[in-house]
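The structure under discussion appears below in the form of structure tokens.
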Amino acid sequence: MYKLWACIIKDIKLITRDWVGLSLMFIMPILLVIVITALQVGTFELVNENKVPLLIQNNDNDLISLELENTLEKIGIFRIIELDKKTSKETIAEKMKETEALVAILIPENFSTQVQHKVADFTKNTLQEFGLELEKPNQNNDLLVNELTLYYHPVLQESYRKNLLNAIRSAVQVVESKQIISTIYSSINETAMPDSILNNFETQQVHINEIPVSRDGSEVIPNAAQHNVPAWTIFAMFFIITSLGSSVVKEKNSGSSLRLKTLPTNFLITIFSKQITYLLVAMSQVFVIFSTGVFLFPFLGLPALNIPTDIVGLILVSLISGWCAVSYAIAVGVFSETQEQANGFGAISVVILAAFGGILVPKFAMPESFAFFLKISPMHWSLESYYGLFLEGGKFSDIINNVIPLLLIIILFQLIAYIGLKKNNLI
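Going by our numbering, the sequence shown opens with residue 3, and the numbers climb by one from there.
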């Protein structure tokens, strides 16, 4: 026990002198979690609170095109900016840069007239199907409505662009539906439809209640901090490899193992001491990063991290995740010949594991062909365990199916490290 304690003290002293390793293990993840959370919150506010500037060049300026503009404004996500009818395509691009608008719409001439003709033709054919003989339907198959033109900034991501496009299409459908209802009413009653009916059409819509599914029955909507803080804490724990991996290589190459063979001790004690020391470092990372989410985030205008009710489960998941990160670093360090190999391979492999594990890329965004790589990434099981506590409000017993694979991966890493130590005659 004394030998183990002496090795732990030695490793702690070595860590405190490794300023680069400490910055990678603490400062980098704190900055990452702040920046990523701020970006997600900013994107959420952009979509839900701040209105997106939308340039509109209305070359029609008739009833239906003006109604379309009004409907787009009522959606609540657009801030309408009118352009002059004589604005050219090049000028639209310049205006988008000046106003920082991401999208612009060109409404063609005679848009309202063509929509009215299309709706009238559709209404006549529909009423005829019900046996109502009205005027002869327009049989002109070439009756088409000039297309709306959408200009968008190239920096706009495809998913976000499609969301905006769907919102615009919804507005067009609302305008067309109102026009169809009005035309049918006028055709049957031979009088204009009262405004009260149109108002009811707008207000009496089906509302959708959003309820998050949780294990504890709570309906608290998880915020960006609940998603990001656990994820980047796991990433930070696995980045221990930059310090621990090179430390193991240094112990091997410095001849410490040979000197230990002349003493009544074993190199395994050095390995155990490093595991204990760096597991304490991992738990320190958890404490520091979680404290950042709880106390610092509100001062930065970010949503605070809500700690799960199962504190014991949170500690156990953190310990197991930290132990897995330490085991991986030990295994890499044992098989690396130089510190450069340990640092290079370790850093690259951690980023790859993070990508496959759902930290850099969300699990739902991955193709099915990546399912195998997702399952073998220890970060995936760590993240699922944390999410079971933070997002689903579960207890440790609810996430045991995620913890068991993590324990099996730990055993695998420990076995690999043991084989490497035996192969190199270090034990």
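A virtual CB, placed ideally from N, CA and C, is assigned to each residue, including glycine. Computed from a predicted structure; not experimentally measured.
Assigned with DSSP and collapsed to three states, Ala-194 falls in coil, not helix or strand. In this structure Ile-36 is not in contact with Pro-55, their Cβ atoms being roughly 27 Å apart against a cut-off of 8 Å. A direct Cα-Cα distance of roughly 20 Å separates Leu-302 from Ala-233.
Between the region 311-322 and the region 363-370 there are fewer than three C-beta pairs closer than 8 Å, too few to call the two in contact.
Counted as a single uninterrupted DSSP element, the beta strand (DSSP E) harbouring Gln-59 occupies residues 54-60. The DSSP-derived three-state label of Ala-95 is helix. Below 8 Å, enough C-beta pairs join the region 10-23 and the region 233-252 to call them touching: three or more. Around the beta carbon of Val-314, a 10 Å sphere encloses fewer than 16 other beta carbons of the protein chains shown; the residue is thus reported as exposed. A check of alpha carbon separations from Lys-88 across Asn-61, Glu-342 and Phe-237 identifies Asn-61 as the nearest. Selection Ser-114, Ile-77 and His-382 evaluated against Asn-168 yields Ile-77 as nearest (Cα-Cα). Of the other Cβ atoms in all chains shown, fewer than 16 fall within 10 Å of the Cβ of Gln-175; this residue is therefore exposed. A check of alpha carbon separations from Glu-342 across Leu-423, Phe-299, Lys-397 and Ile-243 identifies Ile-243 as the nearest.
Secondary structure of Leu-393 (DSSP, three-state): coil. Per DSSP, reduced to three states, the secondary structure at Ala-306 is coil, with no helix or strand assignment. In this structure Gln-287 touches Ala-238 by the C-beta definition: roughly 5 Å separates them, less than 8 Å. For Asp-64, the CB contacts under 6 Å within the same chain, skipping 5 residues up- and downstream, are Ser-114 in chain order.
Leaving aside the five residues that flank Pro-407 on each side, the residues in its chain whose CB is nearer than 7 Å to its CB run, in chain order, Trp-383.
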